[in-house]
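Letter by letter, the sequence shown follows residues 1 to 536 of the UniProt record's numbering. Each remark here refers to the structure printed beneath this line.
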Amino acid sequence: MAFTPTLPACLKGNWTVAQKEAAGLAESLRECFPRTADQPAVRLEQSDAKPSDDRRPLNVGIVLSGGQAPGGHNVIAGVLDFLQARHPGSRLFGFLNGPRGIINQSAMEITPEKMAPFRNQGGFHMIASGRDKIESAEHLQKAAHTASVMQLDGLVVCGGDDSNTNAAVLAEYFLAHDISTGVIGVPKTIDADLKNDDVPISFGFDTASKVYSEMIGNIMIDAASAGKYYHFIRLMGRNASHITLECALQTHPQAALICEEVASHEYTLSDVTEQLADMVVARSAAGKEYGVALVPEGIIEHVPEVHVLIKELNELMAASPEMAENPAAVAEKLTPASAKVFELLPASIRLELLLERDPHGNVQVARIETEKLLLRLVEAELQKRRAAGSYSGKFQGLSHYFGYEGRCSMPTNFDATYCYSLGYAAGALIASGQTGLMTSVANLERPTTDWTVGGTPFTGMMCMERRNGKLKPVIQKALVDLHGPVFKAFKQQRDKWAIVDCYRSPGPIQFSDTGAYCATQTLALEINNGKPISIH
Numbered sequence: 001m002a003f004t005p006t007l008p009a010c011l012k013g014n015w016t017v018a019q020k021e022a023a024g025l026a027e028s029l030r031e032c033f034p035r036t037a038d039q040p041a042v043r044l045e046q047s048d049a050k051p052s053d054d055r056r057p058l059n060v061g062i063v064l065s066g067g068q069a070p071g072g073h074n075v076i077a078g079v080l081d082f083l084q085a086r087h088p089g090s091r092l093f094g095f096l097n098g099p100r101g102i103i104n105q106s107a108m109e110i111t112p113e114k115m116a117p118f119r120n121q122g123g124f125h126m127i128a129s130g131r132d133k134i135e136s137a138e139h140l141q142k143a144a145h146t147a148s149v150m151q152l153d154g155l156v157v158c159g160g161d162d163s164n165t166n167a168a169v170l171a172e173y174f175l176a177h178d179i180s181t182g183v184i185g186v187p188k189t190i191d192a193d194l195k196n197d198d199v200p201i202s203f204g205f206d207t208a209s210k211v212y213s214e215m216i217g218n219i220m221i222d223a224a225s226a227g228k229y230y231h232f233i234r235l236m237g238r239n240a241s242h243i244t245l246e247c248a249l250q251t252h253p254q255a256a257l258i259c260e261e262v263a264s265h266e267y268t269l270s271d272v273t274e275q276l277a278d279m280v281v282a283r284s285a286a287g288k289e290y291g292v293a294l295v296p297e298g299i300i301e302h303v304p305e306v307h308v309l310i311k312e313l314n315e316l317m318a319a320s321p322e323m324a325e326n327p328a329a330v331a332e333k334l335t336p337a338s339a340k341v342f343e344l345l346p347a348s349i350r351l352e353l354l355l356e357r358d359p360h361g362n363v364q365v366a367r368i369e370t371e372k373l374l375l376r377l378v379e380a381e382l383q384k385r386r387a388a389g390s391y392s393g394k395f396q397g398l399s400h401y402f403g404y405e406g407r408c409s410m411p412t413n414f415d416a417t418y419c420y421s422l423g424y425a426a427g428a429l430i431a432s433g434q435t436g437l438m439t440s441v442a443n444l445e446r447p448t449t450d451w452t453v454g455g456t457p458f459t460g461m462m463c464m465e466r467r468n469g470k471l472k473p474v475i476q477k478a479l480v481d482l483h484g485p486v487f488k489a490f491k492q493q494r495d496k497w498a499i500v501d502c503y504r505s506p507g508p509i510q511f512s513d514t515g516a517y518c519a520t521q522t523l524a525l526e527i528n529n530g531k532p533i534s535i536h
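So, in structure tokens, the structure goes:
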């Protein structure tokens, strides 16, 4: 709690707002966002000019939306400290339980005294989060009413791609209805799938990947000690495999499946199973009957044959949700190829594919125990090889799911500092009269004082995607680049890790001494040519 995050130099003194040229948008997006379609990106640049005389008190709201991510409380602290320092007399309101707090006008005022116990702490429990969407005409009207009644100068939305898509809709709606509330987003998701050229990383990824890596390292040492178990570990990451990739670089497992690679090569379930079985057979020949395999939770959705099945199921469930109670009837409605895949899956997995959909009408992949499915398939494949005389080893599998364990840890020094800068910058953007932007803090390979600050338009990050059977504008997810430096670094080593025990057990997160200030290997490889990044 004594840790004091450092601010970028441009946020310590005076600044001017410099605009970049607006990117061109597809006509389909322009139709959805006519008032924010040409919103330019901005950058806060240090200035020796006399500071603005506009130090009037501001009313600002902040909402935490979606799943938790380490560092959220420091975003709130950053906004609060900006208002206290730059606009004395301002008021900051935290909307309770996520977007529904905006709809219901349910908020608490955040004061320095209330903020104090939550600085540098994990969780979202100060004001809590939620997954409600402000999309319907009724909810948009209620959000506008809340903004007007509370006389909000700005609303800060901390969330992932869906939450910030919602923020884009709010920004557009407010402008269309002459609501003078600026809407600014903050990139939050441990999955790290919310980033682009202006937004280098989402907050929470640094901490979560290190929490998981500690646990994976512990299991690796246990595997080597017992010498008789294969551990299949499912990690968070539905659409993107950034967490699995970072944890692989941190710990060096025998196998790490990458969703994007599976989809790119159009691997079938049989292909994936055979690859894992080949690794087990090779290690057995070397006298090793143990190992660790990392599995991103969304892997099953990226296997082409299963992806097609899930797409059909999503459409079917959107039209006839009651069919979830009757798997046999569902199979009859599928195309022959998808029906065949559906019938081949274990009964438990079939039921999981029919569970209640998420708010976007998609299957809830996090509930599918993919690690157990793959373990069973590998066991069956090894039994076939044993019967054929090509395998004589012993295979005992154990499964694990590391998910919620990584979402509310005390943030690393990197996330604590990054989040504080994001919050402070969000306050600065609101005070500058900006709207429709996601806060960007970049130049992260440099010490914190050299970080750059700005905002990038929501609309420039968007594409049209099918949701609940209809095309909708959404912020595009950032997937693992199979030609990028992070995947290449992993690919160069994985064959060696499969056979030779190169286990790395990084241990718990540190908060003092040199290693405490290092960012992830992913960030180092993406923006610093693989050289370690320290915020000092």
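Glycine included, C-beta positions come from ideal geometry on N, C-alpha and C.
Taking the DSSP output, what are the residues bridged to residue i?
i, result
"Tyr230", "Gly291 and Gly397"
"residue 540", "Only positions 1 to 536 of the chain appear in the structure, and residue 540 is not among them; the question remains open."
"Phe95", "Ala107"
"Leu44", "Val17 and Val453"
"Lys12", "Looking at the DSSP assignment, Lys12 forms no beta bridge with any residue, so it has no partner."
"Ser338", "In the DSSP output, where bridge partners are listed per residue, Ser338 has none listed."
"Phe203", "Lys188"
"Ser505", "Answer by DSSP bridge pairing: none, since Ser505 is not bridged."
"Met462", "Ile475"
"Arg467", "Lys470"
So, is residue i buried or exposed, given that buried needs 16 or more other C-beta atoms within 10 angstroms?
i, result
"Asp197", "exposed"
"Asp513", "exposed"
"Glu109", "exposed"
"Ser348", "exposed"
"Lys50", "exposed"
"His177", "exposed"
"Leu353", "buried"
"Lys477", "buried"
"Met279", "buried"
"His536", "exposed"
"Asn314", "buried"
"Thr522", "buried"
"Asn529", "exposed"
"Ser241", "buried"
"Ser129", "buried"
"Pro473", "buried"
Below 8 Å on the Cβ atoms is my contact criterion, and I expect residue i with residue j to pass it. Report the Cβ-Cβ distance as a whole number of Å.
i, j, result
"Cys259", "Ile299", "5 Å"
"Ile102", "Ala143", "5 Å"
"Arg504", "Gly217", "7 Å"
"Phe203", "Cys419", "5 Å"
"Thr456", "Val199", "6 Å"
Would you tell me roughly how many angstroms separate the C-alpha atoms of residue i and residue j, rounded to the nearest one?
i, j, result
"Asp162", "Gly122", "22 Å"
"Pro70", "Thr207", "6 Å"
"Val341", "Met236", "24 Å"
"Lys311", "Tyr229", "35 Å"
"Ala85", "Lys195", "29 Å"
"Leu152", "Arg466", "33 Å"
"Ile62", "Val186", "10 Å"
"Pro485", "Ser399", "30 Å"
"Gly436", "Ala339", "44 Å"
"Ser409", "Ala329", "44 Å"
"Pro8", "Pro532", "20 Å"
"Lys20", "Gly98", "32 Å"
"Tyr212", "Glu31", "42 Å"
"Gln364", "Leu355", "7 Å"
"Gln254", "Arg283", "9 Å"
"Leu525", "Pro336", "44 Å"
"Phe82", "Ala324", "50 Å"
"Val272", "Lys288", "21 Å"
"residue 542", "Gln492", "The structure shown has nothing for residue 542, since the chain only spans 1 to 536."
Would you mind working out which of the options sits nearest residue i, comparing C-alpha positions?
i, options, result
"Phe174", "Gly160, Val378, Ser148 and Lys195", "Ser148"
"Ser390", "Gln364, Ala285 and Lys333", "Ala285"
"Thr181", "Lys470, Gly89 and Thr146", "Thr146"
"Gly159", "Asn104, Asp132, Ala176 and Gly460", "Asp132"
"Pro5", "Ala255, Tyr517, Asp481 and Glu369", "Tyr517"
"Leu375", "Val183, Glu274 and Glu526", "Glu274"
"Pro34", "Leu269, Gly98 and Leu170", "Leu170"
"Ala26", "Lys488, Gly460, His252 and Val480", "Gly460"
"residue 539", "Asn14, Asn166 and Leu64", "Outside the shown range of the chain (1 to 536) lies residue 539, about which nothing can therefore be said."
"Leu257", "Gly530, Leu294 and Leu269", "Leu294"
"Val17", "Ala425, Lys472 and Ala519", "Ala425"
"Ala137", "Asn166, Gly403, Leu155 and Glu332", "Asn166"
"Gly89", "Pro117, Asp54 and Phe95", "Asp54"
"Gln510", "Leu80, Asp415, Gly24 and Ser225", "Asp415"
"Glu172", "Leu29, Glu214, Val306 and His483", "Leu29"
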